[in-house]
Amino acid sequence: MIGTAHLLTETVGVEITGCHAAELLTRDAAEQTRSALDRHGVVIYRELHISDDELLAFSRLLGTLVIQPTGEHKHPEIQTITMDPTKTNSLLASYRQGNFHWHFDGATDVLPQKATLLSACEVDPAGGDTEFASTYAAFDAIGNDERQELEGLRVVHTFAHAQSLANPTATESERKAWERVPARIHPLIWTRRNGRKSMLLGATAQEIVGWSVSESRALLDRLLDWSTQPRFTLRQKWHKGDLVIWDNTGMLHRATHFEPTSVRLLHRTTLAGEEPTGA
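Numbering-wise, numbering that gives the first Met the number 0 puts 120 at position 121 of the sequence shown, and it's gapless, one number per residue.
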């Protein structure tokens, strides 16, 4: 591994120091990063200060980039993560309120996104940390009898449910706009080709197929509480220049609160999904 690696917890996260961005722009370095991502779920390159062009080049070595043009950056593969009204439009700022709730990216896609890369351009010492929770580790820690009960359950994921948590006072027209995003059904337990299993939970998880709303919420909320307890989580306190990469298929994440006028600014690239959930 390029640089010096430090394990951050027993279940999730590795921090790498003493690395320069140019050193990552090789296939060997990308393979080392993917391997670390598989093992640890979250890889932090501390104070890397990667440029946008380097970020794109490194992301392409890791996988296929998702294009999500917002008009806020010259590269359509890069999203600017901010709630500052001078740097983003009001609609995107509203949607990004959802980042304060546990979620995984691409929950309403056929293939949930493989991984996300975030580069810290500006940080806010008053808030805006990012928390991660390993649903790999959380599932592994569940008793065998309950694991068997969870296998086979399917969950309806909707953008509308996530936004209703983030924006509870939304207007009827806003709610109708959310509902135009198609729902997606995924298995509660995602079994990979290699046999590894994670749980697909979070803000988009609206209900379990065939269950009542109250029964669904009781189980989904309990599993979310279980998965986000301290032994399965990691909190990233941002330093300017940090590059953080996480396995979106087995890590929930959320931002801690910060004000809309915060200077916090992150540049994000996203890797397209590589494996179906099997729903």
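Even glycine gets a Cβ: it sits at the ideal position worked out from N, Cα and C.
Given the structure is predicted, the values throughout are model-derived calculations rather than measurements.
Q) Can you give the Cα-Cα distance for T203 and E46, rounded to whole angstroms? A) Sequence index remark: in the sequence shown, residue 203 carries index 204 (1-based). Sequence index remark: in the sequence shown, residue 46 carries index 47 (1-based). Taken atom to atom, the span from the alpha-carbon of T203 to that of E46 is near 32 angstroms.
Q: Give a yes or no on whether the C-beta atoms belonging to F131 and S197 are separated by under 9 angstroms.
A: By 1-based counting over the sequence shown, the position of residue 131 is 132. By 1-based counting over the sequence shown, the position of residue 197 is 198. No, these two residues do not count as a Cβ contact at 9 angstroms.
Q: Specify, as a first and last residue, the run of the beta strand (DSSP E) that V212 falls within.
A: Here the question's residue 212 lines up with position 213 in the sequence shown. Per DSSP, V212 belongs to no beta strand (DSSP E); it is in the alpha helix (DSSP H), V212 to S226.
Q) Should K236 go down as buried or exposed, given a rule of 16 or more other Cβ atoms within 10 Å for buried? A) Numbered from its first residue, the sequence shown carries residue 236 at position 237. Around the beta-carbon of K236, fewer than 16 other beta-carbon atoms lie within 10 Å, marking it exposed.
Q: Measure the Cβ-Cβ separation of A119 and N247 and say whether it is below 9 angstroms.
A: As a working mapping, residue 119 is identified with position 120 in the sequence shown. As a working mapping, residue 247 is identified with position 248 in the sequence shown. Contact flag unset, no.
Q) So what does DSSP say about T279, is it helix, strand or coil? A) Only positions 0 to 278 of the chain appear in the structure, and residue 279 is not among them; the question remains open.
Q) If we count Cβ pairs, one from each stretch, closer than 8 angstroms, do we get three or more for the stretch 122-130 versus the stretch 150-157? A) At 8 angstroms Cβ cutoff, the stretches do not touch.
**Q.** Between the CA atoms of T168 and H39 - distance to the nearest angstrom
**A.** Your numbering for residue 39 matches position 40 in the sequence shown. Your numbering for residue 168 matches position 169 in the sequence shown. So the two alpha carbons sit approximately 38 angstroms from each other.
Q) Buried or exposed: E206, going by 16 or more other Cβ atoms within 10 Å of its Cβ? A) Against the sequence shown, residue 206 aligns to sequence position 207. Note on E206: 16 or more other CB atoms within 10 angstroms of its CB, so buried under the neighbour-count rule.
(Q) Per DSSP, what are the beta-bridge partners of D246 in this structure? (A) Against the sequence shown, residue 246 aligns to sequence position 247. According to DSSP, which records beta bridges pairwise, D246 is partnered with A114.
(Q) Comparing C-alpha positions only, which one of M82, R174, R146 and A28 sits nearest to L218? (A) Mapped onto the sequence shown, residue 218 falls at position 219. Minimum Cα distance to L218 is reached at R146.
Q. From Q228, D123 and H19, pick the residue whose C-alpha is nearest to that of H256; which is it?
A. Counting from one through the sequence shown, the residue named residue 256 turns up at place 257. Nearest of Q228, D123 and H19 to H256, Cα basis: D123.
Q) Going by alpha carbons, who is nearest to G126 out of T107, T79 and R234? A) What you label residue 126 is simply residue 127 of the sequence shown in a count that begins at 1. Closest in alpha carbon position to G126, among T107, T79 and R234, is R234.
Q | Beta-carbon proximity check, D104 vs H74, cutoff 9 angstroms | A | In the sequence shown, counting from the first residue as 1, residue 104 sits at position 105. In the sequence shown, counting from the first residue as 1, residue 74 sits at position 75. Contact flag unset, no.
Q. T276 and L36: beta carbons closer than 9 angstroms?
A. For the purposes of this step, residue 276 is identified with residue 277 of the sequence shown, where counting begins at 1. For the purposes of this step, residue 36 is identified with residue 37 of the sequence shown, where counting begins at 1. No.
Q. By DSSP, does W101 sit in helix, in strand, or in coil?
A. What you label residue 101 is simply residue 102 of the sequence shown in a count that begins at 1. W101: coil per DSSP, three-state reduction.
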